[in-house]
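For the sequence shown, position 233 (counting from the first letter as 1) is numbered 232 according to numbering that gives the first Met the number 0, and the numbering increases by one without interruption. Glycine included, each C-beta is placed from N, C-alpha and C at the ideal position. The structure appears below as structure tokens.
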Amino acid sequence: MWILITLLCAFSLAVRDTAIKLLSREHSVLFLAVFSSLVSGIATLIYHLLFFPIDVRAFFGPANLPLIAVLLPLDTLAVFLYYVAISRSPLSLTVPFLAFTPVFIPLTSWIFLREGVAPMAFVGILLVAVGGYTLFFHSFSELLIPFKRFAREPGSVLMLVVAMIYTVTSVLGRKMVLSVGSANMGAFYPITSALLLAGVFLLSHRHGKEKLRFGRPGLFLVAGLAGAVMITAHFTAISMVNAAYMITLKRTSALFSMGFAALIFRERDVPKRMAGAALMLAGVVVLVFFG
């Protein structure tokens, strides 16, 4: 069951990112991320209030406050640095570094939760990570370019920091879900995180102006609701299985995004990425059978 829920999470993430990309011609990507996070947070709160018995005291209880105090700032910092990174350096030199997150999660899983990873499952994780990295390149000669230019590209450095932050927050997120339950986590964490992110955005843009244009309200709604589905599926799936397995499978969102790139944006270089896609699919098969 966790496999299907995680694939739904990956698909929803790809839908949200595609909607944000379509809207990015009119707004900054960071603003769109903040706005969609707020819509997602409100939607997940309403959904869990209507259909699940939730307890705000369980979520914000004294036992969980230290974990919240660590998770929320780290998550907010990761999102903020992610968008700063892609704004300062080309995507091909920044986003590939996110592929390293699943590789290091087994270590943080062991440190924080004492959860191990089966040897063959780790092979699957490596295949997905390598495949996810190679998706961004058209030939083998390009694979080392991000490393060669690493010191000269501030965005590359920032994205590697983001990848390392995610290795911690993914595991601590599972730790908190196991403590408060996926319903309480889904109800209160997204809206709290979105409000904090919105505060950071307002502080960092207090001298700037972001003109609101809602000429395509459907896309704003799609981005927000897809994010809500992604968040709900994420917390549900990560409550069921090792964080390393779940986050690795979630990385298949790149494959769905690649499909949307071909269908919606008519990108012509998609066939050149088949080697990376094949590696990711092979890794998924190994992970499903041995995880």
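{"Asked": "From what residue to what residue does the alpha helix (DSSP H) around I144 run?", "Found": "144-147"}
{"Asked": "Going by DSSP, what residue range makes up the alpha helix (DSSP H) through I53?", "Found": "Here I53 belongs to no alpha helix (DSSP H), and DSSP marks it neither H nor E."}
{"Asked": "Starting from M175, follow the alpha helix (DSSP H) in both directions and report where the run begins and ends.", "Found": "153-179"}
{"Asked": "For the candidate residues L66, K249, G258, L194, whose alpha-carbon lies nearest to that of T100?", "Found": "K249"}
{"Asked": "Can you tell which of T17, L3, M0, L6 has the C-alpha that lies nearest to the C-alpha of V221?", "Found": "T17"}
{"Asked": "What is the C-beta distance between L97 and V161, in whole angstroms, given that I count them as a contact (C-beta under 8 Å)?", "Found": "7 Å"}
{"Asked": "Measuring only the C-alpha atoms, how far is E342 from T107?", "Found": "One cannot answer for residue 342 here, as it falls past the ends of the chain, which runs 0 to 290."}
{"Asked": "Below 8 Å on the Cβ atoms is my contact criterion, and I expect L126 with G282 to pass it. Report the Cβ-Cβ distance as a whole number of Å.", "Found": "3 Å"}
{"Asked": "Per the contact definition of three or more C-beta pairs closer than 8 Å, is the stretch 181-191 in contact with the stretch 39-50?", "Found": "yes"}
{"Asked": "Give the range of the alpha helix (DSSP H) segment to which A245 is assigned.", "Found": "It should be pointed out that residue 245 corresponds to Met in this sequence rather than to Ala. Note, M245: alpha helix (DSSP H), 242-249."}
{"Asked": "In angstroms, rounded to a whole number, what distance separates the CA positions of L218 and F59?", "Found": "33 Å"}
{"Asked": "Spatial neighbours of R173 within its chain, please: CB distance less than 6 Å, with the 5 preceding and 5 following residues excluded, ordered by chain position.", "Found": "I237, A242"}
{"Asked": "Anyone know if the C-beta pair for V199 and T75 falls short of 8 Å?", "Found": "yes"}
{"Asked": "Counting only the same chain and skipping the five closest in sequence on each side, list residues whose C-beta sits under 8 Å from that of A32.", "Found": "I19, V78, Y82, L196"}
{"Asked": "Taking the alpha carbon of T247 as the reference point, which residue from R265, T235, L280 has its own alpha carbon closest?", "Found": "L280"}
{"Asked": "Taking its Cβ as the centre, do 16 or more other Cβ atoms sit within 10 Å of I263, making it buried, or is it exposed?", "Found": "exposed"}
{"Asked": "Around the C-beta of L49, are 16 or more other C-beta atoms found within 10 angstroms, so that it is buried, or is it exposed?", "Found": "exposed"}
{"Asked": "In angstroms, rounded to a whole number, what distance separates the CA positions of I53 and A186?", "Found": "8 Å"}
{"Asked": "Am I right that I230 and S39 are in contact with their C-beta atoms under 8 Å? What's the rounded C-beta distance?", "Found": "6 Å"}
{"Asked": "Just verifying my parser: in three-state terms, what is the DSSP assignment at V94?", "Found": "helix"}
{"Asked": "May I have the straight-line CA-CA distance separating A253 from A62, to the nearest angstrom?", "Found": "36 Å"}
{"Asked": "For R15 versus G226, is the C-beta spacing smaller than 8 Å?", "Found": "yes"}
{"Asked": "Leaving out the 5 sequence neighbours to the left and right, which residues in its chain are closer than 8 Å to L194 when beta-carbon positions are compared?", "Found": "L37, G40"}
{"Asked": "Around the Cβ of M256, are there at least 16 other Cβ atoms within 10 angstroms (buried) or fewer (exposed)?", "Found": "Reading off the sequence shown, one finds Ser at residue 256, where the question assumed Met. So S256 ends up on the buried side."}
{"Asked": "Take the Cβ of V55 as the centre, count every other Cβ of all protein chains shown within 10 Å, and call the residue buried at 16 or more, exposed below.", "Found": "exposed"}
{"Asked": "On the three-state DSSP scale, how would you describe A182?", "Found": "helix"}
{"Asked": "Going by DSSP in three states, M239 sits in which element: helix, strand or coil?", "Found": "coil"}
{"Asked": "Helix, strand or coil for F79 per DSSP?", "Found": "helix"}
{"Asked": "If you check the beta carbons only, do L7 and V228 fall under 8 Å apart?", "Found": "yes"}
{"Asked": "Take S27 as the anchor and find which of F259, V116, P72, S86 has the nearest alpha-carbon.", "Found": "S86"}
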